[in-house]
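Counting in the UniProt record's numbering, the sequence shown tops out at residue 616, every number present.
Glycine included, each C-beta is placed from N, C-alpha and C at the ideal position.
Only a predicted model underlies this, so the values are computations on that prediction, with no experimental measurement involved.
The structure appears below as structure tokens.
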Amino acid sequence: EGGMERHQYDVVVVGAGGAGLRAAIAAHEAGARTAVVCKSLLGKAHTVMAEGGIAAAMGNRWPEDNWEVHFRDTMRGGKMLNNWRMAQLHAQEAPERVQELEDWGALFDRTEDGLISQRDFGGHKYARLAHVGDRTGLEMIRTLQQRTVQLGIDVFMECTITEVLKDDGRVSGAFGYWRESGRFITFEAPTVILATGGIGKSFKVTSNSWEYTGDGHALALRAGAALINMEFVQFHPTGMVWPPSVKGLLVTESVRGDGGILRNSEGKRFMFDYIPEFFRSETADTEEEADRWYEDKKNNRRPPELLPRDEVARAINSEIKAGRGSPHGGIFLDIASRRSPEFIRKRLPSMYHQFKELADVDITAEPMEIGPTCHYVMGGVEVDADTQESAVTGLYAVGECSGGMHGSNRLGGNSLGDLLVFGKRAGEAAAAYAAGLPARPAVDEDDVKAASASALAPFEVEGGENPYSIQQDLQQSMNDLVGIIRTAAELESSLVEIEAFKERAKGMVVEGHRQYNPGWHLSIDLRNMLIVSEAIAKAALAREESRGGHTRDDFPQTDNEVWGKKNLVVTLDAAGTGVELSEKPLPVMPDELKKYFD
Ligand code: FAD
Numbered sequence: 019e020g021g022m023e024r025h026q027y028d029v030v031v032v033g034a035g036g037a038g039l040r041a042a043i044a045a046h047e048a049g050a051r052t053a054v055v056c057k058s059l060l061g062k063a064h065t066v067m068a069e070g071g072i073a074a075a076m077g078n079r080w081p082e083d084n085w086e087v088h089f090r091d092t093m094r095g096g097k098m099l100n101n102w103r104m105a106q107l108h109a110q111e112a113p114e115r116v117q118e119l120e121d122w123g124a125l126f127d128r129t130e131d132g133l134i135s136q137r138d139f140g141g142h143k144y145a146r147l148a149h150v151g152d153r154t155g156l157e158m159i160r161t162l163q164q165r166t167v168q169l170g171i172d173v174f175m176e177c178t179i180t181e182v183l184k185d186d187g188r189v190s191g192a193f194g195y196w197r198e199s200g201r202f203i204t205f206e207a208p209t210v211i212l213a214t215g216g217i218g219k220s221f222k223v224t225s226n227s228w229e230y231t232g233d234g235h236a237l238a239l240r241a242g243a244a245l246i247n248m249e250f251v252q253f254h255p256t257g258m259v260w261p262p263s264v265k266g267l268l269v270t271e272s273v274r275g276d277g278g279i280l281r282n283s284e285g286k287r288f289m290f291d292y293i294p295e296f297f298r299s300e301t302a303d304t305e306e307e308a309d310r311w312y313e314d315k316k317n318n319r320r321p322p323e324l325l326p327r328d329e330v331a332r333a334i335n336s337e338i339k340a341g342r343g344s345p346h347g348g349i350f351l352d353i354a355s356r357r358s359p360e361f362i363r364k365r366l367p368s369m370y371h372q373f374k375e376l377a378d379v380d381i382t383a384e385p386m387e388i389g390p391t392c393h394y395v396m397g398g399v400e401v402d403a404d405t406q407e408s409a410v411t412g413l414y415a416v417g418e419c420s421g422g423m424h425g426s427n428r429l430g431g432n433s434l435g436d437l438l439v440f441g442k443r444a445g446e447a448a449a450a451y452a453a454g455l456p457a458r459p460a461v462d463e464d465d466v467k468a469a470s471a472s473a474l475a476p477f478e479v480e481g482g483e484n485p486y487s488i489q490q491d492l493q494q495s496m497n498d499l500v501g502i503i504r505t506a507a508e509l510e511s512s513l514v515e516i517e518a519f520k521e522r523a524k525g526m527v528v529e530g531h532r533q534y535n536p537g538w539h540l541s542i543d544l545r546n547m548l549i550v551s552e553a554i555a556k557a558a559l560a561r562e563e564s565r566g567g568h569t570r571d572d573f574p575q576t577d578n579e580v581w582g583k584k585n586l587v588v589t590l591d592a593a594g595t596g597v598e599l600s601e602k603p604l605p606v607m608p609d610e611l612k613k614y615f616d
């Protein structure tokens, strides 16, 4: 490696989704020399795929809406396990962050009065999601990307970070490789902000793309930080189920927000059978009331199709299991019989094309077939609510790879708000810390050597297995044993299987050279997927109750006395090859906020 490429920065942001870009903008504006590193092309993050909108209590549709109501909805949606301070900051600051996007050139859909329009989504009391048709993420990423480039922030595209480097317990930089050439690169920097997104690719059926291999989660663990809430994985109720090549692809919740309903094979609108006690007083119990709600929200309660995602996904799962599913193993989502073709094409243009092109289904004329799909991880790096700093000095995490904000279940629209609010906070905090350092931590050359040896290990193995077969088996195993409904016996088997996958991965072999070699890239990602999968399965086995995105068939009750008061914390074990669990009490909500939950 004659003269490895090196760069010096104050702040290195890993990830160029909404969280990473917003953090980089904030760090740059605070005067820090800032770099953004992303493993795919700029603009190709998950954020661009976001459809429905950004939750922010701007009160444009409903003047009654304000941060207090949004805060309450978020906490209730997360079944009170959220970090209250993060939920509060998010609800308070999201409107400003959306307004700022508009100042930077984002064009949102409008109300009749010319204000930013807001749409209905599950779990939100009022229409609250600022949106651009069903392509909100595209407009958000376009705006942030344009600003990043305008400000002259350095971007390293198609560059994957594989290790966070440390000096005396503090961050000193990051190590990675260029996907194209396979050559290594070292960043010397006192702060690293992880903004790598989620973990969905560990499951077979998912709305996530190849990038979601839990890199930030694993990087943080290996650097000595902790993860929380890892047992909580969100299965979105509506993914495509057919044709097989697109199984898992997302069907936005806006279909239901705009009037779509769920029916089983008997034509029954079954969600009325699944209204939980916790939400009974705010949910319509007749079709008439539910239908009136779209026009008159003051005098009617919400349709049960718009319960939080965990409730709807479980209901769909039960109907399919009971033999009342659709021909391809899903359930029917019908907007065709409820809204005019013009309305559907205007409000849901991407969905219209998605079904037309991929499934040859005209959603203005016939129902869609849908089923649950692994969508989002509530769990992530444990961070300080105000600064997003982890337990490791100089290491920050923001966006989907951070934990705490969403508790046991995230409300739709609350991720995009999260990226903006906490992206800004993390960027500012990292810049301030870097600026205040009397001397910069140094990169240890031995750590760089170790990182490159570890990355190259799969080239040294002879006669081993290729990473693709291990990945496939892991995805199937996670889907079958750590999915939407869990039991102790299945979770125990999953942990046995994960150990076996880890053994197999030790003998992983990759063919060919370092120049653009997807097999090699996967071998590196797979280590992350394995450790993150272990974290999910271990936490899921330990939490003996059902709550939000964690349903135990053997512990169906929500146990507020015991489990409602604590988090499970995941850290790397002493050997550094697996993870271990500990428990931590939830931060205590101050009385002036408790009053919203009486
Ligand atoms: P991402 O946007 O995924 O960005 C991750 C970045 O990290 C990428 O640039 C990637 O290349 C980079 N990266 C990863 N690993 C590495 C590494 N090792 N080295 C270098 N770079 C790396 N939420 C809402 O609030 N509203 C919605 O309407 C909505 N719709 C959605 C629709 C779909 C189909 C999906 C999949 C999600 C949706 N979500 C929605 C969720 C939301 O989009 C995501 O949670 C959010 O965009 C995550 O943003 P992020 O910045 O944390 O990560």
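- Around the beta carbon of G594, a 10 Å sphere encloses fewer than 16 other beta carbons of the protein chains shown; the residue is thus reported as exposed.
- Counting along the chain, the unbroken alpha helix (DSSP H) around R160 starts and ends at 154-168.
- Annotation for A42: V31, T52, V54, T166, I171, G445 place their beta carbon closer than 7 Å to its own, counting only its chain and skipping 5 residues before and after.
- In the displayed model, Q493 falls within a helix according to three-state DSSP.
- In the DSSP assignment, W538 is bridged to no other residue.
- Here I503 really is in contact with T569; their C-beta atoms are around 5 Å apart, less than 8 Å.
- Around the beta carbon of K97, 16 or more other beta carbons sit within 10 angstroms, so the residue counts as buried.
- In the three-state DSSP reduction, T391 falls in the strand class (E or B).
- Only residues of its own chain outside the window of five on either side were considered, and among them E69, G151, D152, R153, T270 have a CB closer than 8 Å to the CB of S368, listed in chain order.
- For Y195, the Cβ stays outside the 7 Å cut-off from all heavy atoms of ligand 1.
- Taking each of K467, E295, S227, A308 in turn and checking the Cα distance to A192, the smallest one comes out for K467.
- For T52, the enclosing beta strand (DSSP E) covers residues 52-56.
- One thing to note: L492 has its Cβ no nearer than 8 Å to the Cβ of S225.
- In this structure, L325 lies away from F350, with their beta-carbon atoms at least 8 Å apart.
- At least 8 Å separates the beta-carbon of G389 from that of I353.
- Beta-bridge annotation (DSSP): I349 is paired with I388.
- The residues A75, G77, Y144, R146, in chain order, have a CB closer than 7 Å to that of D83 in the same chain once the five nearest residues on each side in sequence are set aside.
- Going by DSSP, P255 is part of no alpha helix (DSSP H) but of the beta strand (DSSP E) stretching over 251-258.
- Taking 7 Å as the cut-off, the C-beta of S58 counts as close to a heavy atom of ligand 1.
- Not one heavy atom of ligand 1 falls within 7 Å of the beta-carbon of D314.
- Taken in chain order, the whole beta strand (DSSP E) runs of length 3 or more contained in the segment 273-339 are 279-281.
- Counting along the chain, the unbroken alpha helix (DSSP H) around F519 starts and ends at 506-524.
- Assigned with DSSP and collapsed to three states, N432 falls in helix.
- Rounded to the nearest angstrom, the Cβ distance from L239 to L590 is 5 Å, consistent with a contact under 8 Å.
- Secondary-structure assignment with DSSP links W228 through no beta bridge to anything.
- Set against 7 Å, the gap from the CB of E418 to the closest heavy atom of ligand 1 is smaller.
- Taking 8 Å as the cut-off, the beta carbon of N585 is found closer than this to the beta carbon of K602.
- DSSP lists M526 as the bridge partner or partners of E483.
- Fewer than three beta-carbon pairs drawn from the segment 226-246 and the segment 312-324 are found closer than 8 Å, and the two stretches are therefore not classed as touching.
- Comparing alpha-carbon positions, the option among R79, M175, G417 lying closest to G38 turns out to be G417.
- Distance from the C-beta of E111 to the nearest heavy atom of ligand 1 is not below 7 Å.
- Closest in alpha carbon position to T405, among M396, M423, C392, is M423.
- By alpha-carbon distance to C419, the top candidate from N247, F202, A523 is N247.
- Nearest to R342 by C-alpha distance, out of A331, D303, R281, P294, is R281.
- Counting the other Cβ atoms within 10 Å of the Cβ of G132 gives fewer than 16, which makes it exposed.
- The continuous alpha helix (DSSP H) containing W85 extends over residues 85-95.
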